[in-house]
Every structure is written in C-alpha cells, then in structure tokens.
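Asker:
Residue numbers (the numbering used here), protein chains in the order written: chain A, 164 to 469; chain B, 4 to 352.
1. Under the three-state reduction of DSSP, which class applies to residue 285 of chain A: helix, strand or coil?
2. Do you know how far the Cα of residue 205 of chain A is from the Cα of residue 281 of chain B?
3. Are any of the Cβ atoms in chain B nearer than 8 Å to that of residue 184 of chain A?
4. Pairs of beta-carbons, one from the segment 330 to 339 of chain B and one from the segment 245 to 263 of chain A, closer than 8 Å: are there three or more?
5. Do the segment 371 to 380 of chain A and the segment 267 to 279 of chain A touch if we need at least three Cβ pairs shorter than 8 Å?
6. How would you label residue 279 of chain A, buried or exposed, when you count the other beta carbons within 10 angstroms and need 16 or more for buried?
7. Between residue 235 of chain B and residue 250 of chain B, which are expected to be in contact by the criterion C-beta below 8 Å, what is the C-beta distance as a whole number of angstroms?
8. Going by beta-carbon coordinates alone, are residue 394 of chain A and residue 253 of chain A separated by less than 8 Å?
9. Given this structure, state the Cα-to-Cα distance separating residue 123 of chain B from residue 286 of chain A, to the nearest angstrom.
10. So what's residue 305 of chain A in DSSP terms, helix, strand or just coil?
11. For residue 183 of chain B, I'd like the list of residues in its chain whose CB is within less than 7 Å of its CB, leaving aside the five on either flank, ordered along the chain.
12. Kindly identify the DSSP beta-bridge partner or partners of residue 202 of chain B.
13. When you compare the CB of residue 3 of chain B with every CB in chain A, is at least one pair closer than 8 Å?
14. Cβ closer than 8 Å: which chain A residues qualify as neighbours of residue 329 of chain B?
15. Any beta-carbon of chain B closer than 8 Å to the one on residue 210 of chain A?
16. At the level of alpha carbons, what is the spacing between residue 222 of chain B and residue 423 of chain A?
17. Please list the partners that residue 342 of chain B has in chain A, where partner means a Cβ-to-Cβ separation under 7 Å.
18. Establish whether the CB of residue 123 of chain B and some CB of chain A are separated by less than 8 Å.
19. With a floor of 4 residues, list each alpha helix (DSSP H) that falls wholly inside the segment 62 to 136 of chain B, ordered by position along the chain.
20. Taking the continuous alpha helix (DSSP H) assigned at residue 14 of chain B, which residues delimit it?
21. Fully enclosed by the segment 166 to 231 of chain A, which beta strand (DSSP E) runs are 3 residues long or longer?
22. Are residue 284 of chain B and residue 94 of chain B close, meaning C-beta to C-beta below 8 Å?
23. With C-beta atoms as the reference, is residue 57 of chain B less than 8 Å away from residue 67 of chain B?
24. Would you mind stating whether residue 233 of chain A and residue 364 of chain A have Cβ atoms separated by less than 8 Å?
25. Under 8 Å by Cβ, that's how I've got residue 361 of chain A and residue 236 of chain A pegged, so tell me the actual separation to the nearest angstrom.
26. Among B:16, B:14, B:12, B:24, which has the Cα closest to the Cα of residue 293 of chain B?
27. Going along the chain, which residues of the segment 143 to 156 of chain B sit with their C-beta nearer than 9 Å to a C-beta in chain A?
28. Looking at residue 369 of chain A and residue 181 of chain A, is the spacing between their C-beta atoms short of 8 Å?
29. Listing by chain order, which chain A residues have their CB less than 7 Å from the CB of residue 90 of chain B?
30. Measure the Cβ-Cβ separation of residue 152 of chain B and residue 392 of chain A and say whether it is below 8 Å.
31. Are the C-beta of residue 222 of chain B and some C-beta of chain A separated by less than 8 Å?
32. So the candidates are A:351, A:326, A:428; which of them puts its Cα closest to the Cα of residue 338 of chain A?
33. Under a CB-based cut-off of 8 Å, is residue 77 of chain B close to chain A?
34. Identify the contact partners of residue 171 of chain B in chain A, using a Cβ-Cβ distance below 7 Å as the criterion.
35. Which whole-angstrom value describes the C-beta separation of residue 136 of chain B and residue 254 of chain B, a residue pair presumed to lie in contact below a C-beta threshold of 8 Å?
36. Applying a beta-carbon distance threshold of less than 7 Å, which residues of chain A neighbour residue 106 of chain B?
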C-alpha cells in the first residue's frame, strides 16, 4: 500500500461520509425537537431522484442540488403532518415514509436510469500546488463537501447558542414546559422537520449528483438508517456527528479499497461491513449514552388542551 | 375485551373494521391514481388490467394465493412482536436467513427421505430466522438499543450473505448463465395443490395465522403478551418476565419470517436465487400494521397485498412502470390509517 492508495482512501472516505454527515445533521435537528424520523431513507431516495432528474434536464448540477433540498423538505413535511398535526406514531410514520420513498423515487427516477450528468464541479484544496498532479487530484472536492463542516458548526451554534435552538431543544426535552413558557411545540417541530428534510435532501444530492453521478433504485442502500444510528453515536451533538460520519465514510472507503486491491474476500461479504460496524457501534454506545437523548424523544405531543 | 362481548357484537365490530378498511383503501387508491396520472399513466386502465389478470382467471387467482403464502408468514413475524409493543422491521433479513439455513439442509442431505428432509429444512429455516432476530431481541431486552433500527440494519446484511453463498460455495456448476444453487431434489420440494403453483405452504401459513390468533386470544401467553403491550411497568410488577417475553416474541417472529423464506424457496422456486424476495418482509410489516394484528384482517390484507404485488408486475410489463411503485400504494394506505386517530393505535416502542 503506497501513499497514493492511502490518500485515495481518505478522499473516498470524505466523499462517502459527506452524505452521511448531512443526513445525520438533519436527524440531529429533528431528534433534538423530539422527533425520530426513520423515513430518512425514503426522503433521501426521493431527493436523490428529483435532484438527479433536474440535473439531467437542466444540465445544471447546482439547480439539481437545490431541487433535491426542496424535495427533501417537502417530503418530510408530509411526515411532519402525520406526526405533528395528526399525532401519529413516529416510528410507524417514518417507516411509511420509507415505503413511499422506495416507490416514489423509482417512479421519478425511471426515465433517468442510464442518464449521464456533469456532476457537481470539484475544486482542489488551495495551497497544494507543490504536490504531484496525481496526489493533488485526491484533494479535489465539491462545494457540498467544503460546506459540510461549516454547516455542522452552524447547526451547533444555532442549536446551543441561539434562542431558537433553546426553544427547539426545550420542545424536545419537555413539550409541555416549552408550551408553558410561551413556545408553540407544533410550529417548532414543523421547522425542525422541514430543516431536517432539506439537510437530507442535500445528503441525497451529494450522493447522486456529486459522488456517484448516477441514479439507481434503492441507491441509498440503508444510508438513512446508518445516519439515524450515527445520531445515537454522536450523542445528539452536531460536531460529534462529523467524527462519526468520517468513521463510517472510512468504513465504506476501506471496503472499496479491499475490493480494489483484490483481497480474496467475497465483495458481497465486504458489502456488509458498514452495517456490521453500525450495529457494533449501536451495541457499544447505544445503552451507555441513553441519558444524552432528549427526554421527549418519540413522544407524541398531545397538545395544550389535555 | 373482545372475549367478554357477545358473538353478535364481535361480528359487528369485525364488519365495521372491514368497512373502515375499504374506505381507507379507497382513499389510498385515489391518491395513488392521482400519482399515476401525474406520471402520465392511465390509473383506471392500470387497475382494471391488474384485476383482470389476478382475479379474472383461475390461473390469476392461483398466482395470488402463491404470492399470499410468504406474506401471511411475514405478517405474523411482525404481528406477534407488535402485540408486545415491539416493532420488527427485520422480516426481509430474517426471511433470507431462513432461506439460507433451510437451503443448507436441502443441499447437504439430498438422500434423506422427504419425511425427514422437509421437516428438517423447515425447522432449520425457522431457526435461521429466529437467530437473525436474536441480536436485536437481546439488545432490546437489555434496554440497550431499540429493535427498530437494529432489525432494519440487519436487513441489509442477510441478503448479501445469501448472495455470497450463491455466488460462492453453493453455485450450481450446471447453470453458468444465472447464479443459483442446484435444483433441489424432489424430496426437498413442498407438494403443490391441484396442478397449480400453489403449494402446501399456503395451508401451513394459514394454520400459523390461526395458531397465532388462538395463542393471543385464549392462552396465558397471549394474555401476558397483551398485558406487556398495554403497560410494561404494570406487567413487570405483576411478575411477568418482560425481558424473556421480548426475546421470545421477536425470535418467534423471526422464525415465522424464516419459515416464509424456506417455504418460498422449497415450495415455489426449488432453488435458491439471489434477490428471490421482492420485499416480502417489508410487505408483511405493512400487512400487520394495516390489520392491527387481527388474524382475519391479516388474511384479508395479505390477499389484497398479493393482488397489489402482482399488479406491480402488470404495471411493469404493460405500462413500463418500476415494480417498486406498489410501495406507493401500500405506503399511502398506511398514511391514511396513521392519519386517523380514531382508529385503535399501537404503542410505539
């Protein structure tokens, strides 16, 4: 294994981890407001198909990213209507959203299955002109990657250092108390759900428009669920989610690398590596970090009249 | 509650439930039709074509029964844990694991007589599905991790293991075109009924649904399971061993899904292929939720879901729509149910 292979591993870890990070950030916001969204997988699929389709039709990847984010927000609004206005069970509503995403994305993406696009433009990191061209090419990233860390910081700041974030976290811990202090839990939860949807849309956009540059049915392959697991791993904290996303991105990249160097292990078994790692992380961290979870997580807020 | 009420009232309630289901389904169908219109397809023609090719002919009807067999079993796999307040979304993975375990028996001991081989295959299939649910069950019983996310993640592992086995040690040397195992010997095939593709798995599945209904209604286990589902704290204080019930219910659910896998392989295909399940495990989840775990409702919903699933094939062949589109209709039905707070609601985990 030479330096170039290691650089390549790091580079593909960043590419693979970025979509996980955006999705996990969206889920952090939702869960901080007390809403578990298992529909992330479906939201991402719908966004990925819409974003890819718009990119094919307009030829502009940035429009595709915007469309993907909008699709994510709108689809998640549907989930929000169920769990906030209709007060439905969050886990079941999330799974219903997952099924809707399976079907809707297949329908939307159908005409674009074999389409080719110009992906999101990549720019090299500044200050690397001294490196040989081949190594430098490992440091060419797209705008969504460059924006990922500032986004995590922004969400951390908004959640923990603004009145808005205080209100959102209050709703997640204790909606009744938040209501008593003059906040509207339903409205705040809607904001969290739409923001979470937009971030999942960006995650999906990075997956389909920037990284793989294709559309295929079920292309997210469980990334939405891995993102939910990442939220538990990161103790519902946006900055810790960065480390988690890189770790999981690294697992995916490592698996690709093992395949590339022709290790004598079936690629089908290597495919299971990220899921196995996620399960391991859940086993190791799931119980001990429970106290970090928002107290009102998953509870249906019955409204003030009760 | 239902036990205390007179029979007439129970039938009224059942009919009311069926009427509500029809309304729910009609609303979902209209929404689905609107989506088809938006996709530039003719929804009325799609529905008519589906009905004609499924319920219109004897062959179509028999195909519905074939599709219905694994769905009944995966519905039980979700319904049993759900009575405890557990959400098992791992039916798909448990189904593949059951198929693998059962196939191992069929490939390893072909000289055995059918009377020994088939029961061993089915038992191993159930063992495989049950074991695949053991980790999520144990984690949940210890209060470590919610079973929803773990069962979901394990769905992505089991099919890969099956594919690995099929491409690797189990690959048939006789068929290089399609990766699959060798054909099972005749003794490893479930007998079919009336010259159709319907096999005795259907009878076994119906019997299992009936058994599930009986256990829930009329045995101590069922009462205790429903007690835990109603109020785990109170159940614990009454001395019910809640963690043991959690592990048992999830693993038995997994066993039902595993049985679905091996029954599908031994009854219909006669060999293990990658991707042989078009999401039976996921559909079982929807069936169980849409019928609120009621055994009669599960049979009805499995039938409906089988028609919808075959409708997906029709849409794919005749209108060029992806098969996954059937998920939209099923998801919309669940949406309508979830959006109606007046219906009995399940407790989440």
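No residue lacks a Cβ here, since even glycine has one placed at the ideal position from N, Cα and C.
Answerer: In short, the structure shows the following:
1. strand
2. 17 Å
3. no
4. yes
5. yes
6. Burial call: exposed.
7. Rounded, the Cβ-Cβ distance is 14 Å, inconsistent with contact.
8. Contact: no.
9. Computed Cα separation, rounded: 60 Å.
10. strand
11. 169, 175, 274, 275, 276
12. B:195
13. This structure cannot speak to residue 3 of chain B, because chain B is shown only from 4 to 352.
14. Within chain A, the residues placing a beta-carbon under 8 Å from that of residue 329 of chain B are 266, ordered along the chain.
15. Cβ-Cβ to chain B under 8 Å: no for residue 210 of chain A.
16. 57 Å
17. 245, 249, 251
18. For residue 123 of chain B, no Cβ of chain A is located within less than 8 Å of the residue's own Cβ.
19. 94 to 111, 117 to 135
20. Boundaries of the alpha helix (DSSP H) around residue 14 of chain B: 10 to 41.
21. none
22. yes
23. For residue 57 of chain B and residue 67 of chain B, yes; Cβs fall inside 8 Å.
24. yes
25. 4 Å
26. Selected option, being the one with the closest Cα: B:24.
27. 145, 146, 147, 148, 149, 151, 152, 153, 155, 156
28. yes
29. The contacting residues are 254.
30. Taking C-beta atoms as the reference points, residue 152 of chain B and residue 392 of chain A count as a pair closer than 8 Å.
31. no
32. A:351
33. no
34. Under the 7 Å cutoff, chain A gives 429.
35. A Cβ-Cβ distance of about 5 Å is found for the pair residue 136 of chain B and residue 254 of chain B, placing them in contact under the 8 Å criterion.
36. Per Cβ cutoff of 7 Å: no residues; residue 106 of chain B is ~16 Å from chain A at best.
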